Amino acid sequence: MIRAVPVATASFCVLAVLVLVNLNSAACLQQRAVEQELAGAAAASSGPWAILARHGEKDEDNVSDIDLNQRGRIRASAMGALLYPAPGTSRKLYTAPLPACLQNSIPIALAAQVPDVHKSVRRCKETAEIIQAQADISGATGITLAPFGIMDGDALAAWVWKQSLSKNGQMDSISVTIWDHSDAHELVNKILNTTDTPKWPGDRYDVWWLLDLSSRQMWEYSHGLLMGDKKHPPHLVF
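Under our numbering, the first residue of the sequence shown is numbered 85, with each subsequent residue one higher.
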């Protein structure tokens, strides 16, 4: 049944919608200003940088060595395309500012946690292999996967610092490590020689930790690569 609506009521409804849109637009502009301010603060450092990323999603939480699910593989591919864009493609992100350390550079080295007798998780290696394949597609040279077991934190920390001194670096030497989230804070403590690193948020696959090796600071960055990812501005953890 069609109901006639008084003109005055209809006008009021339209006015209300317009006001809400304007308020949302103002909020969006304010949010963008905050993001740009924080991104600019992160850009103040000259690096070198180390990026720590979690593997992609899985289906069953109670199976430690289960493979990536479909969304996890899509996320790994999206991370690879952001880190190593193919010729002629854009690195623009629609939900977050591009990290300053990636604006004129690509990572020069890639490492991942691999299965061993201490921890059999395969997802980190799977994620890194997908990223490495994207590096090959992009034309990047010399990007090989450095494997480390869960007990090799000291060796990996040394590897990260070695990459930071690489003569192959561009504006900022950047390394990328794919690690299990439950042990990520211990790894960062070793790399930055600190005890301040919080635990990785257990429900987040959509964040990176950006380690500024010159100032020994850590930024949390939400890249928002997939639909449903949470969004928050990059922020300084310590």
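Using N, Cα and C, we set each Cβ at its ideal position, and we do this for glycine too. Only a predicted model underlies this, so the values are computations on that prediction, with no experimental measurement involved.
Going by DSSP, name the residue or residues bridged to residue i.
| i | result |
| --- | --- |
| residue 291 | 306 |
| residue 229 | 194 |
| residue 296 | 133 and 301 |
| residue 275 | None; residue 275 has no bridge partner. |
| residue 319 | 304 |
| residue 173 | Beta-bridge pairing links residue 173 to no other residue. |
| residue 259 | 134 and 193 |
Where does residue i land, buried or exposed, given buried means 16+ other C-beta within 10 angstroms?
| i | result |
| --- | --- |
| residue 163 | buried |
| residue 302 | buried |
| residue 242 | exposed |
| residue 216 | buried |
| residue 239 | exposed |
| residue 259 | buried |
| residue 218 | buried |
| residue 139 | buried |
| residue 322 | exposed |
How many Å lie between residue i and residue j at the Cα?
| i | j | result |
| --- | --- | --- |
| residue 151 | residue 170 | 26 Å |
| residue 197 | residue 318 | 25 Å |
| residue 172 | residue 299 | 34 Å |
| residue 261 | residue 144 | 23 Å |
| residue 156 | residue 141 | 4 Å |
| residue 91 | residue 313 | Residue confidence is low: residue 91 scores 44 on pLDDT, short of 50, so the model does not pin down where it sits. No coordinate-derived value is stated. |
| residue 247 | residue 257 | 7 Å |
| residue 282 | residue 266 | 11 Å |
| residue 153 | residue 181 | 27 Å |
| residue 308 | residue 249 | 30 Å |
| residue 221 | residue 183 | 22 Å |
Would residue i count as contacting chain D if we go by Cβ distances under 9 Å?
| i | result |
| --- | --- |
| residue 225 | Absent from the structure is chain D; it holds one protein chain and no more. |
message: For the region 270-277 against the region 205-213, do three or more pairs of beta-carbon atoms, one drawn from each stretch, fall closer than 8 Å, so that the two count as touching?
response: no
task: May I ask you to verify whether the region 182-196 touches the region 219-233, counting CB pairs closer than 8 Å and requiring at least 3?
output: yes
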